[in-house]
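These notes are about the structure you will find just below.
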Amino acid sequence: MDDQVDLRPVAARMASLVQGVRDEQLSARTPCEHYSLEELIKHVDGLSVAFTAAAEKNLGPMTSTPPGGETEPLGDDWRSRIEAQLQMMAEVWHNPAAWDGMTQAGGVELPGAMAGIIAADELVIHGWDIARASGQPFECDAGALGAATQFVEEMSEPGQSRDGLFGPAVPVPDDATALERVIALSGRDPRWRAS
Numbered sequence: 001m002d003d004q005v006d007l008r009p010v011a012a013r014m015a016s017l018v019q020g021v022r023d024e025q026l027s028a029r030t031p032c033e034h035y036s037l038e039e040l041i042k043h044v045d046g047l048s049v050a051f052t053a054a055a056e057k058n059l060g061p062m063t064s065t066p067p068g069g070e071t072e073p074l075g076d077d078w079r080s081r082i083e084a085q086l087q088m089m090a091e092v093w094h095n096p097a098a099w100d101g102m103t104q105a106g107g108v109e110l111p112g113a114m115a116g117i118i119a120a121d122e123l124v125i126h127g128w129d130i131a132r133a134s135g136q137p138f139e140c141d142a143g144a145l146g147a148a149t150q151f152v153e154e155m156s157e158p159g160q161s162r163d164g165l166f167g168p169a170v171p172v173p174d175d176a177t178a179l180e181r182v183i184a185l186s187g188r189d190p191r192w193r194a195s
């Protein structure tokens, strides 16, 4: 994928999903194994700040730390705070300079264009996770879905390590949608439902 991806639609969808999570759902399981809904929302909270810093080439503690271990409480204003952070992240990635040169995310130095694709992947895959866990519908724009598909397919090629990123791919029928296929390639069962 040579074109920059407009993250604004998928970030807005993620913000809407976060807004739709009820407090009593925070302890719910998610398709993202080992994460409760609250832990997954904390991850989205952190990645929205980290990928904003990566786009701005503001390298430091937010970009040098591997993801995970988000232990701080969400706080009272988590819905509005995460919505604002997602909007900011999408806006800074709308600047072509974000896609140029090198940056850092999760403690890894990488090209800006790859970081933008990973940001799209995070929003698509975890947006689907949050939607499924909270019983909300998930729609995804073609640009973000294409970027997520590119990233997951590249990470599924022989010789690539999926460890810590994705579980084993889940088989899907021939008539699976593009979203179902990328979800399955990420190691999630597209038929997963909250129990």
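Numbering (full-length UniProt numbering), first residue to last: 1 to 195. For each residue, glycine too, the CB sits at the ideal point set by N, CA and C. This structure is a prediction, so every number in the text was calculated from the model and none was measured.
Mind reading off the beta-carbon distance from residue i to residue j? Whole number of angstroms is fine, and I expect it under 8 Å.
i, j, result
"glycine 116", "methionine 102", "That belief does not hold up - the Cβ atoms of glycine 116 and methionine 102 are roughly 13 Å apart, past 8 Å."
"glutamine 106", "proline 67", "Going by the sequence as given, residue 106 is glycine instead of glutamine. With 8 Å as the limit, glycine 106 and proline 67 qualify as a contact, their Cβ atoms being about 5 Å apart."
"serine 156", "alanine 169", "6 Å"
"serine 73", "tryptophan 192", "The sequence given here places proline at residue 73; serine does not occur at that position. That pair is no contact at about 27 Å."
"valine 49", "glutamine 85", "6 Å"
Does the Cβ-Cβ distance between residue i and residue j come in under 8 Å?
i, j, result
"isoleucine 125", "alanine 15", "no"
"glycine 146", "valine 10", "no"
"alanine 54", "glutamine 104", "yes"
"glutamine 25", "leucine 37", "yes"
"valine 44", "serine 134", "no"
"isoleucine 130", "leucine 59", "no"
"arginine 13", "glutamate 139", "yes"
Assign residue i to one of two classes, buried (16 or more other C-beta atoms within 10 Å of its C-beta) or exposed (fewer than that).
i, result
"glutamine 19", "exposed"
"alanine 98", "buried"
"glycine 186", "Looking at the sequence shown, residue 186 is not glycine but serine. Serine 186 should be labelled buried."
"proline 190", "buried"
"threonine 71", "exposed"
For residue i, which residues from the same chain have a beta carbon less than 6 Å from its beta carbon, with the 5 sequence-adjacent residues on both sides left out?
i, result
"aspartate 121", "Ala148, Phe151"
"glutamate 56", "Val92"
"leucine 47", "Glu122"
Just the Cα atoms here: how many angstroms apart are residue i and residue j?
i, j, result
"phenylalanine 166", "aspartate 174", "22 Å"
"methionine 89", "lysine 42", "16 Å"
"histidine 94", "aspartate 100", "12 Å"
"alanine 142", "leucine 179", "10 Å"
"alanine 119", "threonine 52", "9 Å"
"leucine 110", "threonine 63", "11 Å"
"arginine 188", "aspartate 77", "30 Å"
"valine 182", "histidine 34", "20 Å"
Spatial neighbours of residue i within its chain, please: C-beta separation below 8 Å, excluding the five flanking residues on both sides.
i, result
"alanine 194", "Ala28, Arg29, Arg132, Ala133, Ser134, Gly135"
"threonine 65", "Ala50, Gly106, Gly107"
"alanine 184", "Ala169, Val170, Pro171, Val172, Ala176, Pro190"
"leucine 40", "Thr30, Cys32, His126, Asp129, Ile130, Ala133"
"glycine 75", "Arg81"
"aspartate 23", "none"
Does the beta carbon of residue i come closer than 8 Å to any beta carbon on chain D?
i, result
"aspartate 3", "Structure shown: chain D not included; a single protein chain is present."
Who are the Cβ neighbours of residue i in its own chain at under 7 Å, not counting the five residues just before and after it?
i, result
"arginine 79", "Val18, Gln19"
"proline 96", "Gln4"
"proline 137", "Ala131"
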